[in-house]
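Participant: Below is the structure I would like to discuss, written out as structure tokens.
Numbering (the working numbering), first residue to last: 95 to 720.
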């Protein structure tokens with residue numbers, strides 16, 4: 095089949111077959127806008143179709159029209175068929191199949207078939223439908239519409255073929271850029287000195303990208319210093335050219351962006367210094383690329399070309415890739431080729447920048463706290479104290495024994511009751527038997543006295559003396575019984591507190607003479623006995639002072655003085671301890687014998703580091719024998 099067709103933009107109209115038209119379109123490598131326009135023109139001629147459009151799925155505002163054939167006048171309203179295609183686009187994309195919809199004109203009668211039809215062909219991508227191709231068909235019969243539909247569906251594949259060709263071209267461009275960058279890297283890596291490497295980089299870039307002049311500079315302090323320029327072995331920083339290039343480099347480094355002059359109208363960077371280089375030194379095109387290490391700009395690569403050879407996007411990307419690949423080695427050699435003092439100053443500067451810079455805030459805060467804490471422990475002193483447990487005990491205590499054999503009748507006190515000396519009755523023994531014995535003894539004494547009086551009247555001197563002697567013997571027994579009866583009320587011998595003798599549970603129990611019933615200690619005579627571990631006993635001396643607190647009142651501290659250190663160790667809870675006697679300076683009425691707590695003896699002022707590490711140091715010395 096032959097048709098008289100022409101590809102728009104292709105020149106004069108020639109007589110081409112459909113196969114030749116499709117072949118030319120499949121080899122088209124122009125921009126996407128022109129390809130879409132040509133594709134629609136060819137599709138409308140092959141169909142044939144009166145008009146066509148390509149729509150892409152858009153946002154909430156609706157589909158986006160990419161191309162229309164024939165073209166619409168600027169500012170004109172969209173035709174009815176295009177509006178209906180945009181309205182049906184989401185549904186056709188969701189269904190994924192070609193749809194045909196009738197287009198009724200204003201002159202069509204009601205019930206009469208539509209004179210035109212709208213053909214909607216989905217455009218499939220790799221994973222989903224991306225848009226549709228809409229065609230206005232001037233055909234009524236279904237068989238004609240089906241034939242046109244078949245031809246147009248076949249031509250839709252040209253769009254996917256064009257996209258694959260574009261992707262291939264992009265990948266080929268990427269490979270070309272990578273190859274050029276790797277060749278540049280290989281060329282400069284042959285140098286082992288910074289000056290040679292910088293010169294090799296400038297010369298290679300100038301040759302490979304047809305540049306008039308290529309310069310590289312590095313940041314030193316607050317300013318950029320020119321390090322090398324292409325095909326120039328020696329230069330002076332006093333030269334106007336060098337100063338202008340350094341100004342352009344500083345302009346690029348301060349903004350940390352690529353600076354291209356002439357800049358596009360949409361550019362947001364400043365290019366005044368680059369413009370000065372281009373106007374005064376013969377280069378119409380100036381491109382400056384920042385050299386970064388660790389995300390921070392450390393230098394600039396400036397490339398100059400004539401005005402007739404503007405930089406393309408592909409060339410800019412190639413230069414960017416080459417500079418990124420070369421920068422690590424370039425920076426490394428630039429630092430190591432300095433003399434020792436400069437390297438040391440740079441290391442100190444980097445360390446100081448790391449310390450005072452804005453990065454790693456939490457790590458720095460932790461280090462500052464750790465260093466401050468270490469300095470505090472080294473230079474500041476605190477109270478070194480020896481700590482140990484203690485128990486309160488009376489200085490002296492009075493034992494109250496049973497005065498005679500008997501039975502407990504009453505108990506009036508229990509620990510820790512306070513008692514008054516000579517007044518408080520502690521307990522009482524039963525006296526019923528003693529009182530009966532006392533009455534019997536008194537009666538017996540009266541009998542002997544009567545016998546003595548009768549013998550005296552009868553002048554029986556011997557019998558009278560015997561009766562008086564027996565009366566005196568009975569009188570002594572009466573006195574003994576009366577004494578026992580008086581002692582049955584056991585009275586506290588001194589003022590203080592009962593420290594032992596809980597006898598209320600033993601009422602009526604027998605007691606023997608000398609059995610300890612109570613122990614009474616004076617209030618003003620308490621002391622503490624402290625248990626000190628053997629590793630700390632060497633730090634204690636007589637006369638040292640400290641504080642103690644009982645378990646019952648930990649918020650109240652009482653001062654004491656070390657009074658005695660027992661020289662013999664005792665085993666307490668499988669540990670050797672020494673007993674240290676403490677004399678209390680102040681007494682509290684609530685302090686009772688037997689109370690326990692913690693005592694701390696003040697030894698002296700020591701550095702906190704010595705205090706806190708002493709147990710570890712002592713253990714290490716014992717293990718390592720140092």
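Quick reminder that beta carbons are idealized off the backbone N, C-alpha and C, glycines included.
Bear in mind that the values here come from a model prediction, so they are computed numbers and not experimental data.
(1) Report the rounded CA-to-CA distance for residue 490 versus residue 675, giving the unit in angstroms.
(2) From 185, 242, 208 and 238, pick the residue whose C-alpha is nearest to that of residue 225; which is it?
(3) In the DSSP assignment, what are the bridge partners of residue 479?
(4) Please state the DSSP three-state secondary structure of residue 508.
(5) Excluding five sequence neighbours on each side, which residues of the same chain lie with their C-beta closer than 6 Å to the C-beta of residue 690?
(6) Please determine, among 411, 344, 379 and 323, the residue with the shortest C-alpha to C-alpha distance to residue 314.
(7) When you compare the CB positions of residue 546 and residue 562, do they come within less than 8 Å of one another, or not?
(8) Determine the direct distance from the alpha carbon of residue 303 to that of residue 402, and round the result to whole angstroms.
(9) Take residue 412 and list the residues in its own chain whose beta-carbon comes closer than 8 Å to its own, dropping the five residues that flank it on each side.
(10) Rounded C-beta distance between residue 521 and residue 597? I'm assuming under 8 Å.
(11) Let me know the secondary structure DSSP gives residue 719 once reduced to three states.
(12) Could you give the C-beta distance for residue 230 and residue 144, rounded to a whole number, given that I count them as a contact under 8 Å?
(13) Where does residue 664 fall in DSSP's three states?
(14) Can you name, in chain order, every residue of its own chain whose Cβ lies under 6 Å from the Cβ of residue 375, other than the five neighbours on each side?
(15) To which residues of the same chain is residue 684 closer than 6 Å at the C-beta, ignoring the five residues directly before and after it?
(16) Using the Cβ count rule (16 or more neighbours within 10 Å means buried), how would you classify residue 715?
(17) Could you tell me whether the Cβ atoms of residue 627 and residue 482 are closer together than 8 Å?
(18) When the distance is taken between beta carbons, is residue 653 closer than 8 Å to residue 639?
(19) Going straight from the alpha carbon of residue 162 to that of residue 138, what length do you get?
(20) Go ahead and label residue 424 buried or exposed: buried means 16 or more other beta carbons lie within 10 angstroms of its beta carbon, across all protein chains shown.
(21) Which runs of the beta strand (DSSP E) fall wholly inside the segment 292-320 and span at least 3 residues, in chain order?
(22) Quick one, are the C-beta atoms of residue 281 and residue 294 less than 8 Å apart?
(23) Going along the chain, which residues of its own chain have a beta-carbon closer than 6 Å to the beta-carbon of residue 355, five neighbours each way excluded?
(24) When you compare each of 551, 176 and 158 to residue 166 by their alpha carbons, which one comes out closest?
(25) Three-state secondary structure (DSSP) at residue 542?
(26) Taking residue 672 as part of the beta strand (DSSP E), name the residues at either end of that continuous run.
(27) If you count every other CB in all the chains shown that lies within 10 Å of the CB of residue 210, and 16 or more means buried, which is it?
(28) If you reduce the DSSP assignment to three classes, tell me which class residue 252 lands in.
(29) Hey, residue 180 and residue 193 are a contact pair by Cβ (cut 8 Å); roughly how many whole angstroms apart?
(30) Would you check if the segment 508-515 and the segment 654-672 touch, i.e. whether three or more CB-CB distances between them fall below 8 Å?
(31) Pull up the distance between the alpha-carbon of residue 149 and that of residue 187, whole angstroms please.
(32) Please name the residue, chosen from 647, 670, 635 and 671, that lies closest to residue 656 on a Cα-to-Cα basis.
(33) If I measure Cβ to Cβ from residue 130 and keep anything under 6 Å in the same chain, skipping five residues before and after, which residues do I get?
(34) Who are the near neighbours of residue 158 in its chain, counting only those whose CB is closer than 6 Å to its CB and skipping five residues on each side?
(35) Between the segment 562-573 and the segment 500-507, are three or more C-beta pairs nearer than 8 Å?
(36) Give a yes or no on whether the minimum CB-CB distance between residue 664 and chain D is below 8 Å.
Facilitator: Let's see:
(1) Within the chain shown, numbered from 1, the residue matching residue 490 stands at position 396. Within the chain shown, numbered from 1, the residue matching residue 675 stands at position 581. When only Cα atoms are considered, residue 490 and residue 675 end up about 14 Å apart.
(2) In the chain shown, residue 225 corresponds to position 131, counting from 1. Closest by alpha carbon: 185.
(3) Translated into the one-based positions of the chain shown, residue 479 becomes position 385. According to DSSP, which records beta bridges pairwise, residue 479 is partnered with 696.
(4) Here residue 508 corresponds to residue number 414 of the chain shown, with the count starting at 1. Residue 508 falls in the coil class under three-state DSSP.
(5) Counting from one through the chain shown, the residue named residue 690 turns up at place 596. For residue 690, where only same-chain residues beyond five positions count, the Cβ hits under 6 Å are 485 and 645.
(6) Within the chain shown, numbered from 1, the residue matching residue 314 stands at position 220. Nearest of 411, 344, 379 and 323 to residue 314, Cα basis: 344.
(7) Locating residue 546 in the chain shown gives position 452, where the first residue counts as 1. Locating residue 562 in the chain shown gives position 468, where the first residue counts as 1. Yes, they are a contact pair.
(8) Against the chain shown, residue 402 aligns to sequence position 308. Against the chain shown, residue 303 aligns to sequence position 209. A straight line joining the alpha-carbon of residue 402 with that of residue 303 spans about 14 Å.
(9) As a working mapping, residue 412 is identified with position 318 in the chain shown. Cβ within range, chain order: 270, 271, 274, 275 and 303.
(10) By one-based count along the chain shown, residue 521 stands at place 427. By one-based count along the chain shown, residue 597 stands at place 503. Confirmed, Cβ separation roughly 6 Å.
(11) For the purposes of this step, residue 719 is identified with residue 625 of the chain shown, where counting begins at 1. Secondary structure at residue 719: coil, using DSSP grouped into helix, strand and coil.
(12) As a working note, residue 230 is residue 136 in the chain shown. As a working note, residue 144 is residue 50 in the chain shown. Confirmed, Cβ separation roughly 5 Å.
(13) Within the chain shown, numbered from 1, the residue matching residue 664 stands at position 570. Strand.
(14) Locating residue 375 in the chain shown gives position 281, where the first residue counts as 1. Counting only Cβ-Cβ distances below 6 Å, and skipping sequence neighbours, we find 335.
(15) In the chain shown, counting from the first residue as 1, residue 684 sits at position 590. Hits under 6 Å: none found.
(16) Here residue 715 refers to the residue found at position 621 of the chain shown. The residue in question, residue 715, is exposed, as its Cβ has fewer than 16 Cβ neighbours within 10 Å.
(17) As a position in the chain shown, residue 627 is number 533, starting the count at 1. As a position in the chain shown, residue 482 is number 388, starting the count at 1. Contact: yes.
(18) Position 545 of the chain shown, counted from the first residue, corresponds to residue 639. Position 559 of the chain shown, counted from the first residue, corresponds to residue 653. Result yes, Cβ atoms of residue 639 and residue 653 sit closer than 8 Å.
(19) In the chain shown, residue 162 corresponds to position 68, counting from 1. In the chain shown, residue 138 corresponds to position 44, counting from 1. Residue 162 and residue 138: Cα-Cα distance of roughly 11 Å.
(20) Numbered from its first residue, the chain shown carries residue 424 at position 330. Residue 424 is buried by the Cβ-count criterion.
(21) Taking only runs of at least 3 residues, the beta strand (DSSP E) segments lying wholly in the segment 292-320 are 307-314.
(22) To locate residue 281, count along the chain shown from 1; it is residue 187. To locate residue 294, count along the chain shown from 1; it is residue 200. Contact check for residue 281 against residue 294 passes: the beta carbons are separated by less than 8 Å.
(23) Locating residue 355 in the chain shown gives position 261, counting from the first residue. Counting only Cβ-Cβ distances below 6 Å, and skipping sequence neighbours, we find 365, 368, 369, 372 and 380.
(24) Translated into the one-based positions of the chain shown, residue 166 becomes position 72. Of the candidates 551, 176 and 158, the one whose C-alpha sits nearest the C-alpha of residue 166 is 176.
(25) The residue you call residue 542 lines up with position 448 of the chain shown. The three-state secondary structure of residue 542, taken from DSSP, is helix.
(26) Along the chain shown, read from residue 1 onward, the residue named residue 672 stands at position 578. Annotation for residue 672: the continuous beta strand (DSSP E) segment containing it runs 670-678.
(27) Residue mapping note: residue 210 aligns to position 116 of the chain shown, counting from 1. Residue environment analysis places residue 210 among the buried positions, since at least 16 neighbouring C-beta atoms fall within 10 angstroms of its C-beta.
(28) Walking along the chain shown from the start, residue 252 turns up at place 158. Residue 252: helix per DSSP, three-state reduction.
(29) Walking along the chain shown from the start, residue 180 turns up at place 86. Walking along the chain shown from the start, residue 193 turns up at place 99. Contact doesn't hold; Cβ gap of about 14 Å is too wide.
(30) Short answer: they don't touch.
(31) Indexing the chain shown from 1 puts residue 149 at position 55. Indexing the chain shown from 1 puts residue 187 at position 93. Straight-line spacing of the CA atoms in residue 149 and residue 187 works out to 11 Å.
(32) Counting from one through the chain shown, the residue named residue 656 turns up at place 562. Ranking 647, 670, 635 and 671 by Cα distance to residue 656 puts 635 first.
(33) Residue 130 sits at position 36 when you count from the first residue of the chain shown. Counting only residues of its own chain and dropping the five nearest sequence neighbours on each side, residue 130 has a CB closer than 6 Å to the CB of 148, 160 and 161.
(34) Here residue 158 is taken as the residue at index 64 of the chain shown, counted from 1. 150 and 152.
(35) With the cut-off at 8 Å, the segment 562-573 and the segment 500-507 do not touch.
(36) The structure shown has no chain D; it contains just one protein chain.
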